[in-house]
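Engineer: So the protein sequences, as listed, match chains A and B. Using the working numbering, the first residue of the first sequence is number -16, and each one after it goes up by one. Using the working numbering, the first residue of the second sequence is number -16, and each one after it goes up by one. In this text, a Cβ means the ideal position worked out from N, Cα and C, and glycines have one as well.
There are 2 protein chains.
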Amino acid sequence: MRGRGTAAAVVSAVVIGFIAGAGASGARDQRKVLMETDRDFDLATASNGAEGWTSYFAEDGIMMPAGGEIVAGKKAIRELMESRLAAPGYSLRWEPIDADVSEDLGYTYGVSKLSRTGQDGKPEVSYGKYVTIWKKQDDRSWKVAVDIGNSSPPPRRSR
Amino acid sequence: MRGRGTAAAVVSAVVIGFIAGAGASGARDQRKVLMETDRDFDLATASNGAEGWTSYFAEDGIMMPAGGEIVAGKKAIRELMESRLAAPGYSLRWEPIDADVSEDLGYTYGVSKLSRTGQDGKPEVSYGKYVTIWKKQDDRSWKVAVDIGNSSPPPRRSR
């Protein structure tokens, strides 16, 4: 029994050690995956508008737009983005600064740039920042659980 | 060897099953912990101002205030909140709606109410919503990694 117990303990320790090790390196890999997924989210929205934007959300995802109510679910999120993207010259682009991840949950945060055509026909640009929370789905893809942003001053230029 | 291998496999399976089970019920418990911690964060800020606010942040935590730049680190966060709380009649209160957690990372989101005394001496109230990302620290306490909020319309009242 003692031999068996020792063997079992060693195997268990190895198994647990493997799980822990995979967790640590996996978190680094997953951080890169989230950064890349957020950049793809930006590109998909730039290319495909409300369709691209909405395709990155989880079914029960929520959007927390500045000045608006909390918007829950893909259908409502799509409608909101369709109305926004209908504005002349509307373009929303963003770039993640960093990400963190733990198992099935992660987030990215970064800076955004919103372009529109003003009522005088001239282009208007405003700046913002955002946090996107990502949740790993049953199919192992990452989808947006929550997205929130707010306004920022224009970036300072070096001379 | 076969007997040993089987015993080891059974022990490993039990150990992994235990870890997985603890993970599932632990996540539910941790969600409650985060909701409670966010409510305590609100109370600490209401009672102790910038000191209370800052005490809930991780050393490398960041704050993403509406209309402002990203503020990184407890010292800068404390200075920002001290200047805000110096405004007459300033009070920021909030209430979490929901939380999610996975291992060492979680978030809460909810609604907030900001009260100030206007330049005409009358009280001004504005509403908002927020996301707070929590990271488990080495001492197992949850601290704020990122805090972001934006404005909302006034809540609709039922008649």
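Do the region 8 to 19 of chain B and the region 32 to 47 of chain B touch if we need at least three Cβ pairs shorter than 8 Å?
Structural biologist: Too few Cβ pairs lie closer than 8 Å, so no.
Engineer: Let me check one thing: in DSSP terms, what residues is Ser135 of chain A bridge-paired to?
Structural biologist: BP columns for Ser135 of chain A point to A:Tyr110.
Engineer: From the DSSP output, in three-state form, read off Ile53 of chain A for me.
Structural biologist: Coil at Ile53 of chain A, not helix or strand.
Engineer: How about the region 66 to 83 of chain B and the region 93 to 113 of chain A: do they share at least three Cβ pairs that are nearer than 8 Å?
Structural biologist: With a cut-off of 8 Å, the region 93 to 113 of chain A and the region 66 to 83 of chain B do not count as touching, because too few Cβ pairs lie within range.
Engineer: So Glu52 of chain B contacts chain A; which residues on that side make the cut at Cβ distance below 7 Å?
Structural biologist: Under the 7 Å cutoff, chain A gives Ser135 and Pro136.
Engineer: For Ile116 of chain A, collect the residues of the same chain with a Cβ closer than 6 Å to its Cβ; drop the 5 residues on either side in sequence, then sort them by chain order.
Structural biologist: Counting only Cβ-Cβ distances below 6 Å, and skipping sequence neighbours, we find Tyr90, Ala128 and Val129.
Engineer: Strictly below 7 Å CB to CB, what residues from chain A border Ser85 of chain B?
Structural biologist: Those are Ser85, Glu86, Asp87 and Leu88, listed as they occur along chain A.
Engineer: Hey, is the region 103 to 113 of chain A in contact with the region 31 to 41 of chain A, meaning 3+ C-beta pairs nearer than 8 Å?
Structural biologist: Because the criterion of three Cβ pairs below 8 Å is not met, the region 103 to 113 of chain A and the region 31 to 41 of chain A do not touch.
Engineer: Within 8 Å (strictly less), CB to CB, does Arg142 of chain A reach chain B?
Structural biologist: The predicted model places Arg142 of chain A with a pLDDT of 49, which falls under 50 and marks its position as unreliable, so this point remains unresolved.
Engineer: For Gly132 of chain B, which of A:Gly51, A:Asp83, A:Leu88 and A:Arg76 has the nearest alpha-carbon?
Structural biologist: Among A:Gly51, A:Asp83, A:Leu88 and A:Arg76, the Cα nearest to that of Gly132 of chain B is on A:Gly51.
Engineer: Secondary structure at Ile80 of chain B, three-state DSSP: helix, strand or coil?
Structural biologist: Correct three-state label for Ile80 of chain B: strand.
Engineer: For Tyr110 of chain B, go through chain A and note every residue whose CB falls closer than 8 Å to its CB, in chain order.
Structural biologist: Near Tyr110 of chain B there are no residues of chain A at all, since even the closest Cβ is about 10 Å away, more than 8 Å.
Engineer: Could you tell me if Pro71 of chain B is buried or exposed, where buried requires 16 or more neighbouring beta carbons within 10 angstroms of its beta carbon?
Structural biologist: Exposed, since its Cβ has fewer than 16 Cβ neighbours within 10 Å.
Engineer: Hey, out of B:Ala10, B:Met47, B:Arg11 and B:Arg76, whose CA is closest to Ala27 of chain B's CA?
Structural biologist: Among B:Ala10, B:Met47, B:Arg11 and B:Arg76, the Cα nearest to that of Ala27 of chain B belongs to B:Arg76.
Engineer: Check whether the Cβ atoms of Pro79 of chain B and Arg123 of chain B lie closer than 8 Å to each other.
Structural biologist: No.
Engineer: Which residues, taken in chain order from the region 31 to 47 of chain B, show a beta carbon closer than 7 Å to some beta carbon of chain A?
Structural biologist: Cβ contacts with chain A come from Met47.
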